[in-house]
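Inspection log for the structure reproduced underneath, given as C-alpha cells.
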Amino acid sequence: MCELYNNSVHFLSTNPSPYGDEHFPYSPYSSAGYSSSLSSFTHSSSSSSSAASVVSESSSRSFFTASERCSSNNSFSPLIKPFKRLKHRTTASSPGTKHGIYHDDDRSESSGRSSGVASLFDLNKRDYYGFKLPTQWVNAETLYQFDRDYRNILNHQELKWNQLLAGCGGELPPLGSKLKRYARKGIPRHLRGRAWMKYSGAKAKMDNQPNEYKRLLEKATEMGKSNPYAEVIYRDLHRTFPDNSQFSCAVPQPDGSISMIPETNPLLCALQRVLLAFSIYSPHIGYCQSLNFLAGFFLLFVDTEEEAFWILESTVNDFYPEKMFDASMEGSTIDQTVLMQLVYEKMPGVWNKISSKRCFWECIQDLPPVTLVTNHWFLTLFINILPFETVARVWDCVFIEGYKVLFRVALSIFKLSEQSIIGLDDHIDALQLLQNVPKRLVDCHEFMQYVFAKNNISNDLTYRDIECRRAMFRNRRLQQIPPITMKPSTNATFSKNQCSAGLSDTWDDDDVVEQIYL
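Take a look at the structure:
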C-alpha cells in the first residue's frame with residue numbers, strides 16, 4: 015500500500031497568468047481553411063467490410079497509414095507520492111538532437127540522411143510515446159518511410175515556431191489567425207504541453223488556484239473508499255493504454271501467471287490521483303470511462319500531474335458540450351444527432367447506406383448503429399481511434415480553434431470512406447469499416463492538410479452552425495417532439511439562412527448561443 019498524498023507535491027509558480035483573458039473554449043475565428051493539396055491520396059471503392067482498400071497503396075507515404083486485473087489486493091489503494099517531473103519527459107531540443115516519432119536510426123544513417131529530430135518509431139516496434147506500431151494496418155516499411163519524411167516537416171516546424179516565439183519575447187503568441195495557421199501544421203513536441211496548458215485555459219486556472227490540487231488530494235485521502243468512484247477508478251487504471259510500455263503494470267508471478275498491479279507504475283499512480291481529484295472537483299460528473307484515457311493522454315505531454323489535472327478539468331468543463339459525461343449523456347446524444355444530420359446533408363449516398371435509406375428526420379430518436387462508433391470518437395476526442403501522433407495533431411487544433419474541429423475531422427473520415435461505404439452491402443459493414451479506417455491514418459500531416467483544405471466538405475462548418483443545430487435538437491428533446499415520418503417536401507438541408515433567422519443580427523461565430531432555434 016502506498017500513500018496517496020505527500021507534502022513533497024510539486025506545484026508550479028503561483029503568479030497569475032497574463033494569458034487568462036485570452037482563453038476561449040470555442041473558436042473565435044471563421045472556419046475557412048487554408049489551401050492544401052492531397053495529390054498522393056486516391057479513393058478506391060470496396061464491396062467488403064474491410065477498411066484496407068479505402069485508399070490506394072500506390073503512394074509511398076500511406077495516408078492511412080486488458081486482460082482482467084488479478085492483483086491480490088482488490089480494494090481501493092492509495093498510491094505513492096506525486097513525482098515532480100515525469101521521468102519520460104524530454105526538455106526542449108537542441109540543434110542536432112533527435113526527437114521525432116519513430117526510432118529507425120539504423121535506416122536513417124544507412125540512407126545517408128541526417129535528421130534533426132528523433133524517429134517516431136523504434137526498432138522494438140514502439141513509437142516515441144510507447145505505443146505498439148500499427149503494423150496490422152500499415153506495413154512497417156511504409157511507416158518508416160513516412161517517418162523519414164515527417165522528420166523534415168518536424169524540423170521545419172520547430173524552426174518556424176522558434177521564430178514565432180522569438181518575435182513574442184520567448185512567450186507563446188496570443189490567439190490569432192497566424193497562430194491558428196501554425197497549429198494546423200503542428201505544434202513542436204517540446205512546446206506541446208506548454209501550449210496546451212495556455213490555450214486550454216488550464217494554466218490560468220492553475221495559477222489562480224495554486225493550492226487546489228493539494229487540497230483535492232488531501233480530500234481524496236480523507237474520503238478513501240467513501241468516494242463512490244474510487245473503486246471503479248482503480249479498476250480502470252490497468253485498462254488505460256494497456257499496450258503502452260509507459261502504462262504497463264504487468265507483474266510476473268511465481269506460478270507463471272501475470273498480475274496487473276497499478277501500484278508498481280508511478281504513471282498509473284499519478285493517473286489515479288488525477289482522476290480522484292477530478293471526481294471531487296467536478297461532482298456533477300464524478301468519473302466515467304473515457305476520462306481515464308483523457309487524463310492518461312495528458313500525462314504523456316505535460317510536466318506534472320497537477321498540470322494534467324487542470325488540463326483535464328478545462329477540457330471536460332470548457333471544451334466539451336454540456337452534459338457530455340453526466341448520467342444522461344444528453345450532450346453526447348445531441349452531438350451525434352448533429353453529426354448524422356451533417357452526413358445526411360453533405361453525403362447522401364453515405365447516409366442512405368448507414369440508415370438503410372431512411373430519411374434523417376425519421377431517425378433522430380433512433381440514430382443509425384454507426385453512432386456506436388462515432389460516439390466513441392467524440393467522447394475520447396479520437397484517443398485510441400486515430401494513430402497517436404495524428405491524435406496529437408488534432409488536439410493541437412482543438413485547443414486553438416475549439417470543439418468544432420472534431421466535427422471537421424469526423425466528416426473528413428466519412429468523406430475519405432465515402433466510396434467504400436456506398437459499395438458495401440449494409441450498414442453493419444459500414445460500422446466495421448469506420449472502426450478500421452481511422453487506424454490507418456498514420457500520415458498525420460497530409461490528413462490534417464486534408465481536414466483543413468479549402469475544398470474539404472466541412473470547410474463551411476462554423477461553431478455558429480453547430481450551436482444552432484445543437485439548440486434545435488436540445489429543444490426538440492425538451493418538447494419531446496416526435497420524429498417526422500415522411501420526408502419534407504422542401505429541401506431538408508439546415509441552411510445558414512434558417513439558422514440566422516433565429517439569432518440576433520449582432521451574434522458572432524465565437525459567441526455561445528443562448529437563443530433557441532426552432
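Counting from 15, one number per residue, gives the positions in the sequence shown under the working numbering. We put the beta carbon where it would ideally sit given N, CA and C, even for glycine. All of these numbers come straight from a predicted model, not from anything done at the bench.
{"Item": "In whole angstroms, what separates the C-alpha of Asp250 from that of Asn306?", "Value": "7 Å"}
{"Item": "Mind checking Arg488: buried by the 16 CB within 10 Å criterion, or exposed?", "Value": "buried"}
{"Item": "Does the beta-carbon distance from Phe160 to Asp457 come in below 8 Å?", "Value": "yes"}
{"Item": "Do Val451 and Ser431 have their C-beta atoms within less than 8 Å of each other?", "Value": "yes"}
{"Item": "Cβ atoms of Lys453 and Pro148: under 8 Å apart, would you say?", "Value": "yes"}
{"Item": "In whole angstroms, what is the alpha-carbon distance linking Ile153 and Ala406?", "Value": "According to the sequence as given, residue 153 is Asn; it is not Ile. Looking at the two C-alpha atoms, the distance is approximately 22 Å."}
{"Item": "Would the segment 358 to 376 and the segment 425 to 445 be scored as touching if the rule is three or more Cβ pairs under 8 Å?", "Value": "yes"}
{"Item": "What residue range does the beta strand (DSSP E) around Ile272 cover?", "Value": "272 to 274"}
{"Item": "So for Ala291, helix, strand or coil by DSSP?", "Value": "helix"}
{"Item": "For Phe292, tell me which candidate among Asp257, Pro335, Pro242 has the shortest Cα-Cα distance.", "Value": "Pro242"}
{"Item": "What's the C-alpha gap between Lys217 and Ala309?", "Value": "16 Å"}
{"Item": "Of all the options Glu320, Ala244, Glu155, which has the alpha carbon lying nearest to the alpha carbon of Phe219?", "Value": "Position check: residue 219 holds Lys in this sequence, whereas Phe was assumed. Nearest C-alpha to Lys219: Glu320."}
{"Item": "Please go through the same chain and pick out, in chain order, the residues whose beta-carbon is closer than 7 Å to the beta-carbon of Tyr295, but skip the five residues on each side of it.", "Value": "Leu230, Glu327"}
{"Item": "Determine the burial state of Glu245: buried for a count of at least 16 other Cβ atoms within 10 Å of its Cβ, exposed for fewer.", "Value": "exposed"}
{"Item": "Give the DSSP bridge partners of Ala264, in chain order.", "Value": "Met274"}
{"Item": "Pairing CB atoms from the segment 345 to 356 with CB atoms from the segment 391 to 402, are three or more of them under 8 Å?", "Value": "yes"}
{"Item": "Express the C-alpha separation of Lys337 and Arg372 in angstroms, rounding to a whole number.", "Value": "28 Å"}
{"Item": "Secondary structure at Lys219, three-state DSSP: helix, strand or coil?", "Value": "helix"}
{"Item": "Could you check whether the segment 421 to 440 touches the segment 173 to 188, counting it as contact only if at least three pairs of C-beta atoms, one from each stretch, sit closer than 8 Å?", "Value": "no"}
{"Item": "Just the C-alpha distance for Gly181 and Asn169, rounded to the nearest angstrom, thanks.", "Value": "19 Å"}
{"Item": "If you follow the alpha helix (DSSP H) that Phe312 is in, where does it begin and where does it stop?", "Value": "305 to 313"}
{"Item": "Specify the secondary structure class of Lys146 as computed by DSSP and reduced to three states.", "Value": "strand"}
{"Item": "Look up Thr332 in the DSSP assignment and say whether it is helix, strand or coil.", "Value": "For clarity, residue 332 is Asp in the given sequence; the question names Thr instead. DSSP places Asp332 in helix when its eight states are reduced to three."}
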